[in-house]
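Undergrad: So the sequence lines, in the order shown, correspond to chains A and B. The opening residue of the first sequence carries number 1 in this note's numbering; numbering runs sequentially from there. The opening residue of the second sequence carries number 1001 in this note's numbering; numbering runs sequentially from there.
There are 2 protein chains.
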Amino acid sequence: MTDAAIQDRFYPDNRCFGCGGANPDGLHLKSFDRGDALVAEWIAEPRFQGPPGVVNGGLMAVPMDCHGTWAAMLALGAADAGDPVPAVTAGYSVRLLAPTPVDRPVTLRAQVTACEGRKAKVTVTASVDGVTTATFDGAFVRVDGQVATTP
Amino acid sequence: MTDAAIQDRFYPDNRCFGCGGANPDGLHLKSFDRGDALVAEWIAEPRFQGPPGVVNGGLMAVPMDCHGTWAAMLALGAADAGDPVPAVTAGYSVRLLAPTPVDRPVTLRAQVTACEGRKAKVTVTASVDGVTTATFDGAFVRVDGQVATTP
């Protein structure tokens, strides 16, 4: 059992804006398998604000979608008793329940709600100090490929 | 009648990541009133990729949400025969229909589908060479304030 982030274990040279360790301008999301959920902690830099001091509402989808994609890729791979498999996002819905502040730790928790055939559904919550500020419901589809190259 | 972008006319010192002209790290979205729709053209820099050469799926929500927010703020203000009024996003759904390439012009078109009281709904389409690559359906709520300070 390793405590390395999923992204560092399976795709260290990824240049994805949300979760690529090799994208110097990105969010560098790091997701960890905590058994009952995939969990990440993320702090939004002030450049990602919409209203002053509050994370841009569209930008909230970036870490939530990447985190959800990794949860889907892990689940779709596990269904074959293997490593994560490539999957892409078909669509998602985001509810913005309260302002998410910049410069504060945001906890993302992903849970797979469906996984069958080539499709998976994942719910992600974002919370700050225990208060849920946003929810994300995404639909993901497995694509061809041998490693997780399309988060 | 001016052909200046809505953002430059009403909120030139905005630091929003999506549509703030004063955010050096942002997308600098510029939206224009074309009568039947609010229209923007946006080119994603390569730093915004998810899979190689393709815009990050979560990041697609940034210009679509900002563009939709401005359409809502214009509509809510026009309902009072005035300038745009502040509004925030309550939630949105995004469908990713086809990969949106980086480094290519993406046309965003927003249409207000409902505007009543303090609430508005807006649909935004993203298209490349006439092919719709993503759709966005957002719900927006007017907030107190005298100018459009919360796109």
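Note that the Cβ used here is the ideal one computed from N, Cα and C, for glycine as well.
(1) What are the boundary residues of the alpha helix (DSSP H) that includes B:V1062?
(2) B:T1133 and B:A1098 - do their beta-carbons sit closer together than 7 Å?
(3) Tell me, please, whether the CB atom of A:A5 is closer than 7 Å to any CB atom in chain B?
(4) For the stretch 30–58 of chain A, which residues have a CB atom closer than 9 Å to at least one CB atom of chain B, in sequence order?
(5) Hey, is the stretch 76–83 of chain A in contact with the stretch 47–64 of chain A, meaning 3+ C-beta pairs nearer than 8 Å?
(6) Along chain B, in chain order, which residues have C-beta atoms closer than 7 Å to that of A:V62?
(7) Does the CB of A:S93 have a neighbour CB from chain B at under 7 Å?
(8) If I measure Cβ to Cβ from A:K121 and keep anything under 6 Å in the same chain, skipping five residues before and after, which residues do I get?
(9) In whole angstroms, what is the alpha-carbon distance linking B:F1136 and B:L1038?
(10) Quick one: residues in its chain with C-beta nearer than 8 Å to the C-beta of B:D1008, no 5 flanking neighbours on either side, listed in chain order?
(11) Helix, strand or coil for B:R1015, going by three-state DSSP, please let me know.
(12) Residues in the same chain with beta-carbon distance under 6 Å from B:A1148, minus the five sequence neighbours each way, listed in chain order, please.
(13) Quick check on DSSP: helix, strand or coil for A:R109?
(14) Between the alpha carbons of A:R47 and B:G1026, how many angstroms are there, rounded?
(15) Count the other CB atoms within 10 Å of the CB of B:I1006; is the residue buried (16 or more) or exposed (fewer)?
(16) Using only CA atoms, which one of B:R1104, B:L1108 and B:T1125 lies nearest to B:E1045?
(17) Check whether the Cβ atoms of B:E1041 and B:T1107 lie closer than 7 Å to each other.
(18) If we ignore side chains and look at the alpha-carbon of each, how far apart do B:V1143 and B:G1091 end up?
(19) Going by DSSP, what residue range makes up the beta strand (DSSP E) through A:R9?
(20) For a test of the three-state rule: what should DSSP assign to B:G1082, helix, strand or coil?
(21) Less than 7 Å between CB atoms is the rule here; does B:L1096 satisfy it with respect to chain A?
TA: From the atom records:
(1) Boundaries of the alpha helix (DSSP H) around B:V1062: A1061 to A1078.
(2) The criterion of a C-beta distance shorter than 7 Å is satisfied by B:A1098 and B:T1133.
(3) So, not an interface residue.
(4) Of all residues in the stretch 30–58 of chain A, E45, P46, R47, F48, Q49, G50, P51, P52, V54, V55, N56, G57 and G58 have a Cβ within less than 9 Å of some Cβ in chain B.
(5) They do not touch, by the three-pair rule.
(6) The answer, in chain order, is N1056, G1058 and L1059.
(7) Closer than 7 Å to the CB of A:S93 there is at least one CB belonging to chain B.
(8) So the list reads T113, A114 and A139, once near-sequence residues are dropped.
(9) Going from the Cα of B:F1136 to the Cα of B:L1038 covers about 14 Å.
(10) The residues are G1021 and K1030.
(11) B:R1015 falls in the coil class under three-state DSSP.
(12) Annotation note: pLDDT 43 at B:A1148 (below 50); position unreliable, coordinate value reported separately. Within the same chain, Cβ atoms closer than 6 Å to the Cβ of B:A1148 are found at F1010, Y1011, M1073, P1084 and P1086, the five residues on either side in sequence being excluded.
(13) In the structure shown, A:R109 sits in a strand (DSSP, three-state: E or B).
(14) Each residue's Cα considered, the two are about 7 Å apart.
(15) By the 16-neighbour rule on beta-carbons within 10 angstroms, B:I1006 is buried.
(16) The option with the nearest alpha carbon to B:E1045 is B:R1104.
(17) Going by C-beta atoms, B:E1041 is nearer than 7 Å to B:T1107.
(18) Their Cα atoms are separated by approximately 15 Å.
(19) It is not in any beta strand (DSSP E) - A:R9 instead sits in the alpha helix (DSSP H) that spans I6 to F10.
(20) Coil, per DSSP.
(21) Taking Cβ atoms only, chain A reaches closer than 7 Å to B:L1096, which makes this a yes.
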